[in-house]
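Participant:
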Amino acid sequence: MTSAVGLYVRLGLPQPWTPATKPTPLVIYGAASSVGAYAIQLANKSNIHPLICVAGTSGPYVETLIDRTKGDVIIDYREGDDAVVESLKKVSDGTKLLYAFDAVSEKNSYVNLSKVLAEGSKLTLVLPAKDIEFPSYITQTNTSVGSVHSDAKDFGYVYFRYFTRGLQEGWFKPQPQEVVPGGLGGIQKALENLKAGKANAVKYVFRIVETEGVQ
89 MTSAVGLYVR LGLPQPWTPA TKPTPLVIYG AASSVGAYAI QLANKSNIHP
139 LICVAGTSGP YVETLIDRTK GDVIIDYREG DDAVVESLKK VSDGTKLLYA
189 FDAVSEKNSY VNLSKVLAEG SKLTLVLPAK DIEFPSYITQ TNTSVGSVHS
239 DAKDFGYVYF RYFTRGLQEG WFKPQPQEVV PGGLGGIQKA LENLKAGKAN
289 AVKYVFRIVE TEGVQ
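In terms of my numbering, the sequence shown has 281 at position 193, counting the first letter as 1, and numbering is strictly consecutive.
(1) Measure the beta-carbon distance from residue 113 to residue 185 and round it to whole angstroms, keeping in mind my assumption that it falls under 8 Å.
(2) Secondary structure at residue 117, three-state DSSP: helix, strand or coil?
(3) Among the candidates 234, 261, 250, 189, whose CA atom is the shortest distance from the CA of residue 227?
(4) Looking at residue 143: is its Cβ nearer than 7 Å to the Cβ of residue 119?
(5) Does the stretch 253-266 come close enough to the stretch 227-241 that 3 or more CB-CB pairs lie under 8 Å?
(6) Which same chain residues, not among the five before or five after residue 199, have their C-beta less than 7 Å away from its C-beta?
(7) Quick one: residues in its chain with C-beta nearer than 7 Å to the C-beta of residue 278, no 5 flanking neighbours on either side, listed in chain order?
(8) Buried or exposed, going by whether 16 or more other CB atoms sit within 10 Å of the CB of residue 160?
(9) Which term fits residue 201, buried or exposed, when burial requires 16 or more other beta carbons within 10 angstroms of its beta carbon?
(10) For the beta strand (DSSP E) containing residue 132, list its first residue and its last residue.
(11) Which word fits residue 245, buried or exposed, when buried means at least 16 other C-beta atoms lie within 10 angstroms of its C-beta?
(12) If you drop the 5 nearest sequence neighbours on each side, which residues of the same chain put their C-beta closer than 8 Å to that of residue 296?
(13) Just checking: is the beta-carbon of residue 275 within a distance shorter than 7 Å of some beta-carbon in chain D?
(14) Can you look up residue 228 in the DSSP assignment and give me helix, strand or coil?
(15) List the residues that DSSP assigns as beta-bridge partners of residue 294.
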């Protein structure tokens with residue numbers, strides 16, 4: 089739902105039932121994250137292309153979501169901030185970048201985006217920005233799923249049901265899951281994997297019934 093709010097409420101992009109009819113470049117920073125991956129799936133449904141996806145170790149997973157024939161690309165953030173900025177400029181090939189969804193919102197992600205977005209562009213973050221003053225020509229917003237319980241109630245009502253349909257039809261898919269052995273006893277190991285950066289494009293599942301001492 090966070091992805092939907094960001095794409096359609098904050099960025100104002102075409103929705104799936106009124107898809108884009110012309111190229112609409114969209115930068116998704118953190119494309120392998122949950123928010124990023126679902127944003128890609130929704131963007132596909134809205135015919136929003138080319139998708140300029142910034143990812144790292146999980147690039148192969150992102151590859152399964154994008155459509156190269158429509159100009160979608162992946163930029164590896166591990167090459168460094170300067171390289172990311174230059175790659176974003178290169179792939180845009182003179183086309184104005186007017187939309188960016190920052191699904192990371194830390195480690196210079198929005199700083200990099202602020203260097204490539206054009207006049208009149210929109211940028212939405214999933215975390216509040218720190219230590220930066222965005223150019224006046226960029227409209228910057230924050231995306232929070234909590235908005236579907238306040239100013240976007242009707243939007244949330246529709247999309248919760250739309251996601252159900254997407255799961256039934258198969259075009260909307262969850263991220264891969266990995267069952268951690270030991271039930272709740274496996275939480276420490278999972279946290280260590282997360283800290284060490286070993287959990288890429290995967291959601292951990294803990295089966296409580298497998299917890300030692302639970303009956």
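From the three backbone atoms N, C-alpha and C, an ideal C-beta is built for every residue, glycine too. Source: prediction; values computed, not measured.
Facilitator: So, to answer that:
(1) Indexing the sequence shown from 1 puts residue 113 at position 25. Indexing the sequence shown from 1 puts residue 185 at position 97. Sure, about 6 Å apart at Cβ, within 8 Å.
(2) By one-based count along the sequence shown, residue 117 stands at place 29. Three-state DSSP puts residue 117 in a strand.
(3) In the sequence shown, counting from the first residue as 1, residue 227 sits at position 139. Looking at the Cα atoms, 189 is the closest of the given residues.
(4) Along the sequence shown, read from residue 1 onward, the residue named residue 143 stands at position 55. Along the sequence shown, read from residue 1 onward, the residue named residue 119 stands at position 31. Yes; because the gap between Cβ atoms is below 7 Å, this pair is in contact.
(5) no
(6) Reading the sequence shown from its first residue, position 111 is the one you call residue 199. Contacts found: 220.
(7) Working through the sequence shown from its first residue, we reach residue 278 at position 190. Taking C-beta separations shorter than 7 Å and ignoring five residues to either side along the sequence, the partners of residue 278 in its chain run 268, 292, following chain order.
(8) As a working note, residue 160 is residue 72 in the sequence shown. Classification of residue 160: buried, given that the 10 Å Cβ count is 16 or more.
(9) Working through the sequence shown from its first residue, we reach residue 201 at position 113. Classification of residue 201: buried, given that the 10 Å Cβ count is 16 or more.
(10) What you label residue 132 is simply residue 44 of the sequence shown in a count that begins at 1. Run containing residue 132: none in the beta strand (DSSP E); it sits in the alpha helix (DSSP H), 122-133.
(11) In the sequence shown, counting from the first residue as 1, residue 245 sits at position 157. By the 10 Å Cβ count, residue 245 comes out exposed.
(12) Against the sequence shown, residue 296 aligns to sequence position 208. Close CB contacts of residue 296 within its chain, under the 8 Å cut and outside five residues either way in sequence, are with 271, 272, 302 (chain order).
(13) Looking for chain D here will not work: only one protein chain is present.
(14) By one-based count along the sequence shown, residue 228 stands at place 140. Looking at residue 228 - three-state DSSP - the assignment turns out to be strand.
(15) Position 206 of the sequence shown, counting from 1, holds the residue named residue 294. Looking at the DSSP assignment, residue 294 forms a beta bridge with 268.
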